[in-house]
Amino acid sequence: MFDSSDMFRAFQPHRGKAIVLVTGTSGRDWREISDNETRDLTLQGAMGQPILRL
């Protein structure tokens, strides 16, 4: 198993201008690592109901 923040740190230098969509609790880790929040989308779950957070 891997830690999501470790994976995000490895991905960030290669991101370029990509739009990134993260789901669940890992979205908290991505917000701390991302350097382009205008191109980030986070989907949080609420008891199985997805909620879009822009």
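Under the numbering used here, the first residue of the sequence shown carries the number 13, and numbering increases by one thereafter.
For every residue, glycine included, the Cβ atom is placed at its ideal position computed from N, Cα and C.
Worksheet item: When the Cα atoms are used, what is the spatial distance from Ile45 to Pro25?
Response: Distance between the alpha carbons of Ile45 and Pro25: 10 Å.
Practice prompt. With DSSP collapsed to three states, give me the class of Thr50.
Written response: helix
Worksheet item: For Gln24, which residues does DSSP report across the bridge?
Response: Gln24 is not bridged to any residue.
Fill in: Span of the alpha helix (DSSP H), counted from its first residue to its last, around Asp41
Ser38 to Ile45
Fill in: Asp52 classed as buried or exposed, judged by whether at least 16 other C-beta atoms fall within 10 angstroms
buried
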